[in-house]
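Here is the structure we will look at.
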Amino acid sequence: MNKKYLALALPALILGLLTLYAVNRASASSEERDSIGNSMENLVKRVAKLEAQVDALQEQIKDLASRPSPRNLTVPGTPSFPGKNIPPGATEHEINGMKYWLVPLKEGM
């Protein structure tokens, strides 16, 4: 009789263990799906934020490109600073007989 009970109990025990294993895997996979879903949401938010930054930077580039570049060109032989009014901090230099001055944009540079 013991063999008869053992023959019935062993498959029931194996079936129970397999059921517990399957339930455990199912709950783990749902947790993994939740974490993957959260990761995807975070990535979508991050991509949207980065796209907004790129758009803002492209607008700044367009704004800078539309401005005229500051250039002060002088014709040789004409005084660059009438009446020798050289701005403070300007340094005079000469290349091939032509004088030019480096004028700082900000005081103290």
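Numbering (the working numbering), first residue to last: 1278 to 1386. Ideal placement from N, C-alpha and C gives every residue a C-beta, glycine not left out.
Could you work out which residue in the options is closest to residue i when comparing CA atoms only?
{"i": "P1364", "options": "R1302, Y1377 and N1373", "result": "Y1377"}
At what residues does the beta strand (DSSP E) containing residue i begin and finish?
{"i": "I1372", "result": "T1368 to I1372"}
{"i": "L1379", "result": "M1375 to L1379"}
Just checking my contact of residue i with residue j at CB under 8 Å: how many whole Å lie between their CB atoms?
{"i": "L1379", "j": "A1367", "result": "7 Å"}
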